[in-house]
């Protein structure tokens, strides 16, 4: 499994990392595809005043709650790397973007094609209604057992992709790309990555 390899490689690199950004990146990747997304959700919970920024103390608290032990010096380095003049704190969306691996053009094209295929209305977001046409939940074990409705499963599936400033049941193109940038890290071959994306969405 590609995700298992991603976790294993990231754990190995974690012990070798000296740079705090690399430490945090590898710690996130050691959690699998959803690691960076989970960190983003944690940061949003810490952002009580919805300023979309975190103070140094909030950053330290978030990293600790996420399960990574960093020294005070490492936290300071992390904070200063993203602190901007005149800004009270760091923008955590920019921070998360820096943690995500970059995709090459061929991989971006595959993800772009998938998003266009799903976004039936062409409004730049994927909603529950869009998803119903390409992701069938009726055979999901919980639906079969009567423990959940198809809509509940679809909403939970949509939530996997949501990494922005709010969780609103709609996935933006950026959120979609953010998810696949982490998946991309786990797959070495460009053609295989494209086939995984296409197969996932019936292309």
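In the numbering used here, the protein residues as written are 1 to 203. For each residue, glycine too, the CB sits at the ideal point set by N, CA and C.
**Message:** Determine whether the beta carbon atoms of residue 78 and residue 27 lie at a separation below 9 Å.
**Reply:** no
**Request:** Using a threshold of 9 Å, state whether the C-beta atoms of residue 89 and residue 127 are closer than that.
**Result:** The answer is no: Cβ separation not under 9 Å.
**Message:** I'd like to know whether the C-beta atoms of residue 95 and residue 177 end up nearer to each other than 9 Å.
**Reply:** no
**Request:** Name, in chain order, the residues that DSSP records as bridge partners for residue 90.
**Result:** 54
**Where the alpha helix (DSSP H) through residue 150 begins and ends** = 150-161
**For residue 47 and residue 115, the rounded distance between their alpha carbons** = 29 Å
**Asked** For the alpha helix (DSSP H) that residue 71 lies in, which residues bound it at each end?
**Response** Run containing residue 71: none; DSSP gives neither H nor E here.
**Request:** Kindly list the residues whose CB is nearer than 7 Å to the CB of residue 120, restricted to its own chain and excluding five residues on each side of it in sequence; keep chain order.
**Result:** 130, 133
**Asked** Does the Cβ of residue 205 have 16 or more other Cβ atoms within 10 Å, making it buried, or fewer, making it exposed?
**Response** This structure leaves residue 205 out entirely; the chain is present only between 1 and 203.
**Request:** Could you tell me if residue 192 is buried or exposed, where buried requires 16 or more neighbouring beta carbons within 10 angstroms of its beta carbon?
**Result:** exposed
**Prompt:** Taking the DSSP output, what are the residues bridged to residue 172?
**Reply:** 125
**Item:** Enclosing alpha helix (DSSP H) for residue 192 [first to last residue]
**Value:** 190-200
**Request:** Less than 8 Å between the CB atoms is what I'm expecting for residue 91 and residue 53, so what's the real figure, rounded?
**Result:** 6 Å
**Cβ-heavy atom distance, residue 110 to the ligand COA, below 8 Å** = This structure simply doesn't include the ligand COA, nor any ligand for that matter.
**Message:** Taking the straight line between their C-alpha atoms, what separation do you get for residue 87 and residue 117?
**Reply:** 39 Å
**Asked** What three-state label does DSSP hand residue 119 in the structure shown?
**Response** Note: residue 119 maps to coil in three-state DSSP.
**Asked** Mind checking whether residue 197 and residue 113 have CB atoms under 9 Å apart?
**Response** yes
**Request:** Would you kindly work out how many angstroms separate the C-alpha atoms of residue 155 and residue 173, rounded to a whole number?
**Result:** 17 Å
**Request:** Have a look at 101, 189, 18 and flag the residue whose alpha-carbon is nearest the alpha-carbon of residue 70.
**Result:** 18
**Item:** Coarse secondary structure for residue 102, derived from DSSP in three states
**Value:** coil
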